[in-house]
Amino acid sequence: MNMPLLPQKNISLQKLNSFGIAAHASAFLRIESEQQLIQISRDQQLARMPRLILGGGSNLVLSDKLDVLVLQMAMMGKHIVEENEDFVYVCAAAGEPWHEFVLWTLQQGLGGLENLSLIPGTAGAAPIQNIGAYGVEMQDYFHHLTAFDFLSGDIVTMDKQDCRFAYRDSIFKHDYRDRMVILNVVFALPKIWQPRLNYGDVAQLLIAKGITAPGPKDVSDAIIAIRRSKLPDPAEIGNAGSFFKNPIVSAELRDSLHAQYPAMVSYAQTDGGYKLAAGWLIEQSGWKGKALGNAGVYQKQALVLVNLGGATGAEVRRLAQQIQADVFDKFGVELEIEPVFV
Numbered sequence: 001m002n003m004p005l006l007p008q009k010n011i012s013l014q015k016l017n018s019f020g021i022a023a024h025a026s027a028f029l030r031i032e033s034e035q036q037l038i039q040i041s042r043d044q045q046l047a048r049m050p051r052l053i054l055g056g057g058s059n060l061v062l063s064d065k066l067d068v069l070v071l072q073m074a075m076m077g078k079h080i081v082e083e084n085e086d087f088v089y090v091c092a093a094a095g096e097p098w099h100e101f102v103l104w105t106l107q108q109g110l111g112g113l114e115n116l117s118l119i120p121g122t123a124g125a126a127p128i129q130n131i132g133a134y135g136v137e138m139q140d141y142f143h144h145l146t147a148f149d150f151l152s153g154d155i156v157t158m159d160k161q162d163c164r165f166a167y168r169d170s171i172f173k174h175d176y177r178d179r180m181v182i183l184n185v186v187f188a189l190p191k192i193w194q195p196r197l198n199y200g201d202v203a204q205l206l207i208a209k210g211i212t213a214p215g216p217k218d219v220s221d222a223i224i225a226i227r228r229s230k231l232p233d234p235a236e237i238g239n240a241g242s243f244f245k246n247p248i249v250s251a252e253l254r255d256s257l258h259a260q261y262p263a264m265v266s267y268a269q270t271d272g273g274y275k276l277a278a279g280w281l282i283e284q285s286g287w288k289g290k291a292l293g294n295a296g297v298y299q300k301q302a303l304v305l306v307n308l309g310g311a312t313g314a315e316v317r318r319l320a321q322q323i324q325a326d327v328f329d330k331f332g333v334e335l336e337i338e339p340v341f342v
């Protein structure tokens, strides 16, 4: 017989969100098994409470007081599921730290996820955001995931089509938000690996190191070095990583802006549009290294907003909205926020 689940009350979440906001949850449970989720769904009082599913807390901006049941996903484990002629299938439980999982795949001699090195958060949160970096998105190697559905009480398997992945987006940010809880994720990693070096400074750094035929770990090491040189460590400066999506604009707007700003970087998209660098737009709007109250823009990378000490969720929102307004006034480009405000 299962013991009743007794949530902890008024729990501080300051160390459980990478922005370091001093938020408190009215109720909190650490989830280490599927059975706990089943129990919650069958408990009339717990099932009625509004929920917040918490992974690594790296893509959230929290309010000071959360009158919700916070479920921290702490299910651990990673293993090779199977392999065939073309792929090795690897599985990570929801609570596995993403970067440690990537390093583990490299230790197994498997390439594919190296461009996603050093992204904060957990494996279970990766599909929600469809995390991406340096020309690679999680969906490129995603095979399927297992999730618990609070509505039906069932454990379900979802493939790529079911997840409706898009640029930094998935169904879990919309229809299934706080309804579906991801339990584990399976990736298909290719046995014939090719490096993807056509984005950012990766190729240049490898050449500078004299590496002309890089392996997956070489690419990972280069990306880790680049990210550490540009991005703050959340353990030292509270932040949620890249705060705005790189906007995709029409070819007409891109050409008009490029005529005015020849140094503007843009990347052609398959649909005829162009992706612009949000950090460059923010920097050109005068925000790099600036602050509003206790929330500021990181001095080394304008795409990152930081907690300068004691920042509230409201202060972060106010700063983000002012940046959005100034970028739109200068460039006519709308910036979309990546983290979720709760």
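The sequence shown begins at 1 in full-length UniProt numbering and counts up by one.
Beta carbons are placed, not taken as given, at the ideal position from N, Cα and C, and that holds for glycine.
Predicted model only: the values in this text are computed from it and were never measured.
Residues in the same chain with beta-carbon distance under 7 Å from residue i, minus the five sequence neighbours each way, listed in chain order, please.
i, result
"S250", "G273"
"S41", "A47, F150, G153"
"A126", "W98, M138, V185"
"M158", "H144, L145, A147"
"A188", "F87, Y89, Y141, H143"
"I171", "C163, R164"
For residue i, which three-state DSSP category applies?
i, result
"I192", "coil"
"A166", "strand"
"L60", "strand"
"L281", "helix"
"I53", "strand"
"L110", "coil"
"M75", "coil"
"P97", "strand"
"D175", "coil"
"F19", "coil"
"V342", "coil"
"M138", "helix"
"N184", "strand"
"G121", "coil"
"L5", "coil"
"D159", "strand"
Apart from the five residues just before and just after residue i, which ones in its own chain have a Cβ nearer than 8 Å to its Cβ?
i, result
"K191", "E83, E85, D86, F87, V88"
"G56", "S18, P97, W98, P120, G121, T122, A125"
"K290", "G296, V297"
"Y261", "Q284"
"R228", "L118"
Could you check if residue i is buried or exposed, using at least 16 other CB atoms within 10 Å of its CB as the buried criterion?
i, result
"E114", "buried"
"N198", "exposed"
"D221", "buried"
"N10", "exposed"
"I80", "exposed"
"V156", "exposed"
"K15", "exposed"
"T212", "exposed"
Using alpha carbons as the reference points, say which of the options lies closest to residue i.
i, options, result
"P339", "A235, K209, K245", "K245"
"F243", "I53, F28, S58", "S58"
"A320", "A278, G20, K65", "A278"
"G112", "A291, E336, L281, D218", "D218"
"G296", "R317, L281, Q284", "R317"
"E252", "K15, D159, K275, A311", "K275"
"I248", "V265, P216, I237", "V265"
"P50", "Q36, I38, L60, L66", "L66"
"L6", "S63, L71, I53", "L71"
"M3", "F331, Q35, V202, W104", "Q35"
"H258", "D175, F331, I337, N294", "F331"
"F328", "D201, T105, R30, L281", "L281"
"Q45", "I31, V68, L60, S63", "V68"
"L54", "T105, A93, V181, A133", "V181"
With DSSP as the reference, please indicate the residues paired to residue i in a beta bridge.
i, result
"I337", "F244"
"N239", "V306"
"S12", "H24"
"L276", "S266"
"residue 427", "Beyond the ends of the chain as shown, which are 1 and 342, falls residue 427; an answer cannot be given."
Between residue i and chain C, is the shortest Cβ-Cβ distance under 8 Å, so that the two count as touching?
i, result
"L145", "Checking the listed chains, one finds no chain C in this structure; it contains a single protein chain."
Leaving out the 5 sequence neighbours to the left and right, which residues in its chain are closer than 6 Å to residue i when beta-carbon positions are compared?
i, result
"D326", "S285"
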